[in-house]
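S.K.: Chains as they are written, first to last, in my numbering: chain B, 750 to 1032; chain C, 1290 to 1677; chain U, 25 to 601. For each residue, glycine too, the CB sits at the ideal point set by N, CA and C. Source: prediction; values computed, not measured. My structure is below; once you've seen it, I'll send some questions.
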Amino acid sequence: MELIALYGLNLVYTIAVLALVVLGLAVVFGLLGVMNMAHGEFIMLGAYSALIIQQAGLPYILALPMAVLVCGTVGFLVEYAVIRHLYRRPFDTLLATWGLAILIRKAVEGAFGRDYKSIEQRLPGTVSVLGVDYPAYRLALLVVIVALFAGLLIWYRRSNTGARIKAMVQNPALASAVGIDTAFLSRATFIFGVSVAGLAGVLLAPLVRVEPYMGLDYLLSSFFILVVGGLGSLEGLLVGSTVIGGTDVVVSAISDKTAGYLSILIISILFLWLRPNGLYAKR
Amino acid sequence: MQRREFVKTAIGLAALAGIVAKPFGATAFAADPVKVGILIPLSGPAGLFGPSSQMSAQLAVDEINAAGGLLGRMIEPEFVDVGGPPADATQAALKLWKGQKAEAFIGMHDSAVRGALTNLFKGQVPYIYTPVYEGGECSAGTYVLGETPSQQLEPVIPWLSAEKGITKWYLIGNDYNWPRDTNAAAKAYIEAAGGSVVGEEYLPFTVDNFDSSLAKIKESGADGVLITLVGGASVGFNRAFASFGLADDVVRLGTLIEENTLAGIGAENSKNLFSSAGYFASIDTPAAKAFADKYKAKNGADAPALNALGQSVYDGVLLLDALAKKTGSLDASAMDAAAEGTSYDGPRGSATLSGRHVSKDIFLAEADGASFNVIQTFSNVDAGNNCG
Amino acid sequence: MRSVSGLALIGLLAVPFIWDSFTAYQLGLYILYGMVGQGIALCWGRAGFLPLGQALFFGIGAYLAGSVLRSEPGWLLIVVAFAVACLVPALLAWIIGALVFNRQTGSGPYFSLITLALAMLGFQLANSMEWLTGGFNGMTGIGGLPGIDTYETLYFVIVGVFACTSIALAHVLRSPFGQLLSAVRENEDRLQFFGFNTGLLKAFAFAVSAAIAGLAGALYAPHQGIVTPQAVGFLLSAELVIWTAVGGRASLAGPVIGAVLIGFLAAGLRDDFRYWEVVVALVFIIVVLRLPLGIAGFLSQMLRMIGITVDRPRKPERTNELPPNSSEAAPDLRFVDVYAAAGPVKILNGLDIAIKHRGIHCIIGPNGAGKTSTLNAMTGKLPIVGGSIHWQGRDVSDIRPYLAASLGIGRKFQVPSVFTGLTIRQNIDIALWANRLSLSDQFSMEPYRWKTALLDRLETRFPFLRDDDQLAGALSVGQRQMLDFAMTFVTEPDLVLLDEPCAGLSTAETRQMIEAIAALNTETRSTSIIIEHDMDVVEQLSDHVIVMHNGTLLANGTLQEVRDNPDVKKVYAGGTK
């Protein structure tokens, strides 16, 4: 019974973290069509923002604005120098951001060194839930993620910005004709997306390894989640995270991690083949 | 279209002919200095160990040169990045060997690169392989300095089992040769020590979520975990392990948890964590302390942390010196004939070459916050049978 | 021209003598990577779809050849092993391509991500299946080719194989098959309406690229003496694409230039400069931003600027006249109670139409009546949810577009749809090949000589069609309409579907078009269905008029008959819609 509760908690946690990690890419790839291979590097920048705050001895909560500042600045520069020339050329964004990913990794390596950094555990210790001792920080993180997504869902449905981005993506010419500043909106969307990735990095940093190459872990699974779920909607993102995260947790529990990893790849291939528009396809 | 494509090919290739590979024209005069290729990862997943390897090697080179050199010739170290796939490493080594006439090689890299290099060298040039590895290398001209599974585990498992009362072991590693071979060896020692293996699991390199493994460890009731995860995976696993509160009751033993990995794991996650290796930065012997002091003096207080992998290259240079002295030359076949029984003293203690491997001291350390305390030294442990 | 490629070959062969044998050894590896890149260029630069997991095929070839070479076999066995190392990847790629492209047209990221996932799958399997591959440490002990020194003479074998595959690839690119791949890239939908199964074309191109990758991998095994999972993985796959992009994806030389340049750049920098990856990364960001056709494209542009043009070779004269292609049978088209919907909107609502006479049939009706949808339904563009459609006794209710075309249904869209990146000559070639090109013709140069009597007449009628080297994209809208129209008729279809053929034409052009339609319909004895709003046009052309309203047939008969029909009067007098 306890074991089932543990697996259940792990399942929920895994899905939530995947959704958090993918969110930034969902904005950049799902809305703008930029195949951002540097997505993981922005998560890494977020984690290093947390490191800066920790080394300065400041309260951890300040890592969040720090990550927005760092990722926003880098995002602005990247958009201005590279991305804005490449909208609607997805394969080229893939290549250019692959190069950017290397640049960002090397810049961080130059500034902080190649070695592993340890972000102190926040809320150490465990809390008993459903008879299972579960790490307190994870539970807190779950609450934050759920609140974040609830807020986003409400905001995106209600706000004009969401509609504008949708309009711009579906028909850029028309959008600019009706007075939407597409260049500005694209830039803002890109910066928003990479900043969200940075925030994910801050939130995850106390749990994971922190080093310049950590971003690769998050990159490919993020793409698969997006395509399985369907691009351009928060619901699709959640569905994708559930399918990929669920497959991994269940298969890894029954068999082993290698089988879990292989089944993620196979499921992704099947979805890409049979349901390329995703489970939660937009009409 | 074809003709146009073809012409483009032609023009492109003709253009290339002017650019290709000009730096390799200069051949070295095989005069006084002796070039030694030092193959270390400066990029890629193991790039973390590049700087400490390079600094350790440089230290040994400086010492030997100050004492008159290798067979009276100054060592000129050529540091080459072999952090990429084997194909890149062979290119680099070949360039060094045939182009710059390097006369010996010392390598600190993964086994895939080693396989490619032994195939390249074919025993024609002395090659010393320094890091921890799975055992079994027996190619001509190749000398292995690194710890084998039997060295790291044969004395350690019985001692730790008895000391900490471990009977149920869970074996977890990355899904490749070294962890599998290490665990195969571990099983015999666990059984001999009266324990049992309650679980064995291999994780792909890409894994960053260890929840299912942790649940299985919990479920299995293991009181000891043998960790052969490498690098980032080891950091991630150990952090998650501690966050679930498992560290209080379950002992962890790693055979590749060195100072950098421990720093990544973090002080508050390192309770009951043990590591078995031929070197730790905190070894409390005069030789080791002298080495650590020289390293700090030369490279500053902020130098990359000393660790078993990086330091192994220092020993690699010492071993090369000892082999050359005993042979009287750097000729690979002469060296092969004379090598058996060669010994030298270094920061790790004294070591003796036997069956292309070295018998040496093995240290068991316990993590104390973010540093290691050596709690037990096992003297002159044999590397086991590698040429069977 | 050939002498230039000959010079390049001599240059390559001279490398070991000008520099040294290990520089050549190094170059050999980059040439192997460049060969894989050539396959990527075939798929990406030519056909427009990007394979992201090409290392999978490279690695399979390497493991296959490696496992045979471990046992020091004789030449016969080696040749067989190399053939297998080409065929297995080719077959695998063909199956993947056929499965994926059969379901998806276009060149979105999905196919690319599938190939990427397959490469990751391959890497993990190579890593885990230690008994087969040697695991992470690799398959070791792979011997060289008998009698060939790996570090001295293997380079010449590689150059020889590379020359052969380059010549073969150049032929493939020049052949009708290569031109069809260009058409896939330019306008896959339109190509399907010429009766080409574009999914299979792409699958075949993918298979060719995999075969080359497999062959390069097979040579990689003796070159390296070891094969590790990295040879299959995602990183090598990505690098191969990057080399191709940097060198230039639009030519055969580009990928090789890219692989060799970046290879030597990285190898040279690697030892002296710790941040060498930064340089490489900057190089290809700049290439992506500034040189979309890579270094090769840049070089040929430079040459053009200093006055050296690498001329497009002239196509052979059209000398071989083909017999007419149209069938003698009377038309028999029937819509029986057809329903179709897009989401909640009903488009066709129990439509019944029967056409049994040659001549020109005009469909008229208000906007939203379902006119274009009717044409879509019979050509596989719109799935129907009820009823059935028959052409010449055959049920075409859920036919694929390319099959509709092969049954003699030709179609011209309202917006002119031509292959804008291709020349007029190439556009017409493709139309001429529709329903005529056999598999072996696709790789022969003979189809470039084809002509028909009808083509002659069309060229007389529209003289600009003789302007062979003009790009279709550079034509005026009116000329594009006429090109599209001419291409539709060149296929000599039994049933021609024309959607507002006079849209966007000037008065003079409209008159020309009407004459052309009337004349060609008579000459080819075909049956035309024309959607038209302009009642003058209808009056001049129609033998029979079909009036549609709300997805159903409202009336049909001669123009006078439908004009007198009270229902039609009601609708056109500003009735319901």
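In this structure, does DSSP put Tyr1418 (chain C) in helix, strand or coil?
M.R.: Taking the second sequence and counting its residues from 1, one reaches residue 1418 (chain C) at position 129. The answer is strand: DSSP assigns Tyr1418 (chain C) an E or B state.
S.K.: Would Thr1419 (chain C) and Ser1601 (chain C) qualify as a contact pair, given that the criterion is a beta-carbon distance under 8 Å?
M.R.: The residue given as residue 1419 (chain C) occupies position 130 in the second sequence. The residue given as residue 1601 (chain C) occupies position 312 in the second sequence. Yes, the Cβ-Cβ distance between Thr1419 (chain C) and Ser1601 (chain C) is below 8 Å.
S.K.: Excluding sequence positions up to five away, which residues of its chain have a Cβ less than 7 Å from the Cβ of Tyr762 (chain B)?
M.R.: For the purposes of this step, residue 762 (chain B) is identified with residue 13 of the first sequence, where counting begins at 1. Around Tyr762 (chain B): Arg887, Leu891.
S.K.: Quick check: the Cα distance between Glu751 (chain B) and Val878 (chain B), rounded to an integer number of angstroms?
M.R.: Position 2 of the first sequence, counted from the start, is the residue given in the question as residue 751 (chain B). Position 129 of the first sequence, counted from the start, is the residue given in the question as residue 878 (chain B). When rounded, the distance between both Cα atoms is 10 Å.
S.K.: Can you give me, in chain order, the residues of the segment 1506 to 1534 of chain C that have a beta carbon less than 9 Å from any beta carbon in chain B?
M.R.: Answer set for the segment 1506 to 1534 of chain C: Lys1507, Glu1508, Gly1520, Gly1521, Ala1522, Ser1523, Val1524, Gly1525, Arg1528, Ala1529, Ala1531, Ser1532, Phe1533, Gly1534.
S.K.: Where do the ends of the alpha helix (DSSP H) carrying Asn151 (chain U) lie?
M.R.: Position 127 of the third sequence holds residue 151 (chain U). Taken as a continuous stretch (DSSP letters only), the alpha helix (DSSP H) holding Asn151 (chain U) covers 133 to 152.
S.K.: Just grab the DSSP bridge partners of Glu1367 (chain C) for me.
M.R.: The residue you call residue 1367 (chain C) lines up with position 78 of the second sequence. According to DSSP, which records beta bridges pairwise, Glu1367 (chain C) is partnered with C:Gly1326.
S.K.: Answer yes if the segment 1500 to 1518 of chain C comes into contact with the segment 1446 to 1464 of chain C, meaning at least three C-beta pairs across the two stretches below 8 Å, and no otherwise.
M.R.: In short, these stretches touch, since the Cβ pair count reaches three.
S.K.: Would Tyr756 (chain B) pass as an interface residue toward chain C - the criterion being a Cβ-Cβ separation below 8 Å?
M.R.: Start at 1 with the first residue of the first sequence, and residue 756 (chain B) comes out as number 7. So yes, Tyr756 (chain B) belongs to the interface.
S.K.: Just to make sure I have the definition right: I need the residues of chain B whose C-beta is within less than 7 Å of the C-beta of Gly1336 (chain C). Which are they?
M.R.: If you number the second sequence from 1, residue 1336 (chain C) lands on position 47. What Gly1336 (chain C) touches in chain B: Arg863.
S.K.: Relative to the alpha-carbon of Phe73 (chain U), which residue among U:Val108, U:Ser136, U:Ser29, U:Leu31 has its alpha-carbon at the smallest distance?
M.R.: One-based indexing of the third sequence puts residue 73 (chain U) at position 49. Considering only alpha carbons, the answer is U:Ser136.
S.K.: Quick one: what's got a C-beta closer than 6 Å to Pro1593 (chain C)'s C-beta in the same chain, skipping five residues either side?
M.R.: The residue given as residue 1593 (chain C) occupies position 304 in the second sequence. Taken in chain order, the residues that qualify are Pro1340, Ser1341.
S.K.: How about Tyr1568 (chain C) and Ala1597 (chain C): are their beta carbons less than 8 Å apart?
M.R.: Locating residue 1568 (chain C) in the second sequence gives position 279, where the first residue counts as 1. Locating residue 1597 (chain C) in the second sequence gives position 308, where the first residue counts as 1. Yes, the pair counts as a contact, with Cβ atoms nearer than the cut-off.
S.K.: Which bits of chain C does Phe46 (chain U) rub up against, with CB to CB less than 7 Å?
M.R.: Start at 1 with the first residue of the third sequence, and residue 46 (chain U) comes out as number 22. Near Phe46 (chain U) (Cβ distances below 7 Å), the residues of chain C are Leu1383, Lys1384, Lys1387, Gly1388.
S.K.: Here's the rule: buried if 16 or more other CB atoms are within 10 angstroms of the residue's CB, otherwise exposed. What is Tyr829 (chain B)?
M.R.: Looking up residue 829 (chain B) in the first sequence gives position 80. When all chains shown are included, Tyr829 (chain B) counts as exposed.
S.K.: Does any CB atom of chain U fall closer than 8 Å to the CB of Gln1347 (chain C)?
M.R.: As a first step, residue 1347 (chain C) must be located in the second sequence, where it is residue number 58. No, Gln1347 (chain C) lies away from the interface with chain U (no Cβ there is under 8 Å from its Cβ).
S.K.: Would a check of beta-carbon distances place Glu1557 (chain C) closer than 8 Å to chain B?
M.R.: The residue given as residue 1557 (chain C) occupies position 268 in the second sequence. It does: the Cβ of Glu1557 (chain C) has a partner Cβ on chain B nearer than 8 Å.
S.K.: Assuming Tyr797 (chain B) and Val881 (chain B) form a contact by the criterion Cβ under 8 Å, report the distance between their Cβ atoms to the nearest whole angstrom.
M.R.: For the purposes of this step, residue 797 (chain B) is identified with residue 48 of the first sequence, where counting begins at 1. For the purposes of this step, residue 881 (chain B) is identified with residue 132 of the first sequence, where counting begins at 1. Between Val881 (chain B) and Tyr797 (chain B) the Cβ distance is about 33 Å, and since that is not below 8 Å, they are no contact.
S.K.: Rounded to the nearest angstrom, how far is the Cβ of Thr398 (chain U) from that of Asp523 (chain U), given a contact under 8 Å?
M.R.: To locate residue 398 (chain U), count along the third sequence from 1; it is residue 374. To locate residue 523 (chain U), count along the third sequence from 1; it is residue 499. At roughly 10 Å, the Cβ-Cβ gap does not stay under 8 Å, so Thr398 (chain U) and Asp523 (chain U) are not in contact.
S.K.: Within 10 angstroms of the Cβ of Val104 (chain U), are there 16 or more other Cβ atoms? Answer buried if so, exposed if not.
M.R.: Taking the third sequence and counting its residues from 1, the one referred to as residue 104 (chain U) is at position 80. When all chains shown are included, Val104 (chain U) counts as exposed.
S.K.: Please say whether Leu986 (chain B) and Leu772 (chain B) have beta carbons closer to each other than 8 Å?
M.R.: In the first sequence, counting from the first residue as 1, residue 772 (chain B) sits at position 23. In the first sequence, counting from the first residue as 1, residue 986 (chain B) sits at position 237. In contact: Leu772 (chain B) and Leu986 (chain B) (Cβ atoms closer than 8 Å).
S.K.: Strictly under 8 Å for the Cβ-Cβ distance: is Arg209 (chain U) near chain C by that measure?
M.R.: Against the third sequence, residue 209 (chain U) aligns to sequence position 185. So, not an interface residue.
S.K.: Compute the Euclidean distance between the alpha carbons of Ser275 (chain U) and Ala378 (chain U), then round it to the nearest angstrom.
M.R.: Translated into positions along the third sequence, residue 275 (chain U) becomes position 251. Translated into positions along the third sequence, residue 378 (chain U) becomes position 354. Rounded to the nearest angstrom, the two C-alpha atoms are 51 Å apart.
S.K.: Counting along the chain, where does the beta strand (DSSP E) carrying Pro279 (chain U) start and finish?
M.R.: For the purposes of this step, residue 279 (chain U) is taken as the residue at position 255 of the third sequence. Looking at the DSSP string, Pro279 (chain U) is not in any beta strand (DSSP E); the run it does join, the alpha helix (DSSP H), is 277 to 296.
S.K.: I need the straight-line Cα distance from Arg460 (chain U) to Leu197 (chain U), nearest angstrom please.
M.R.: As a first step, residue 460 (chain U) must be located in the third sequence, where it is residue number 436. As a first step, residue 197 (chain U) must be located in the third sequence, where it is residue number 173. Approximately 20 Å between the Cα atoms of the pair.
S.K.: Which same chain residues end up closer than 6 Å to Phe81 (chain U) when comparing Cβ atoms and leaving out the 5 residues on each side of it in sequence?
M.R.: Position 57 of the third sequence, counted from the first residue, corresponds to residue 81 (chain U). Around Phe81 (chain U): Pro113, Ala234, Ala237, Gly238.
S.K.: Residues in its own chain within less than 7 Å of Met25 (chain U) by CB, not counting five upstream and five downstream?
M.R.: The count along the third sequence starts at 1 and reaches residue 25 (chain U) at position 1. Low per-residue confidence applies at Met25 (chain U): pLDDT is 48, beneath 50, and the placement is therefore not dependable, though the value from the model is reported in the following sentence. Counting only Cβ-Cβ distances below 7 Å, and skipping sequence neighbours, we find nothing.
S.K.: In the DSSP assignment, what are the bridge partners of Trp602 (chain U)?
M.R.: Summary: the structure shown does not reach residue 602 (chain U), with chain U confined to residues 25 through 601, and so no result is reported for it.
S.K.: Quick one: which residues of the segment 1450 to 1465 of chain C get their C-beta closer than 7 Å to a C-beta of chain B? List them in chain order.
M.R.: The segment 1450 to 1465 of chain C vs chain B, Cβ under 7 Å: Asp1464.
S.K.: Under three-state DSSP, which class holds Phe1313 (chain C)?
M.R.: Numbered from 1 along the second sequence, position 24 holds the residue referred to as residue 1313 (chain C). Below a pLDDT of 50, predicted positions are generally treated as unreliable, and Phe1313 (chain C), at 40, falls in that range; no measurement from the model is reported.
S.K.: According to the neighbour-count rule (16 or more other Cβ atoms, all chains shown, within 10 Å of its Cβ), is Ile1003 (chain B) buried or exposed?
M.R.: Numbered from 1 along the first sequence, position 254 holds the residue referred to as residue 1003 (chain B). Exposed: under 16 other Cβ atoms inside 10 Å.
S.K.: Specify the secondary structure class of Lys380 (chain U) as computed by DSSP and reduced to three states.
M.R.: Looking up residue 380 (chain U) in the third sequence gives position 356. The answer is coil: DSSP assigns Lys380 (chain U) none of H, G, I, E or B.
S.K.: Should the segment 538 to 554 of chain U be called in touch with the segment 575 to 582 of chain U, which here means at least 3 C-beta pairs below 8 Å?
M.R.: At 8 Å Cβ cutoff, the stretches do not touch.
S.K.: Please report how far the alpha carbon of Ala1349 (chain C) lies from the alpha carbon of Leu1011 (chain B), in whole angstroms.
M.R.: Within the second sequence, numbered from 1, the residue matching residue 1349 (chain C) stands at position 60. Within the first sequence, numbered from 1, the residue matching residue 1011 (chain B) stands at position 262. The alpha-carbon atoms of Ala1349 (chain C) and Leu1011 (chain B) are separated by roughly 46 Å.
S.K.: Counting only beta-carbon separations shorter than 8 Å, does Thr763 (chain B) have a partner in chain C?
M.R.: Numbered from 1 along the first sequence, position 14 holds the residue referred to as residue 763 (chain B). Output row for Thr763 (chain B): interface = yes.
S.K.: Can you give the Cα-Cα distance for Asp560 (chain U) and Ser566 (chain U), rounded to whole angstroms?
M.R.: As a working note, residue 560 (chain U) is residue 536 in the third sequence. As a working note, residue 566 (chain U) is residue 542 in the third sequence. Their Cα atoms are separated by approximately 10 Å.
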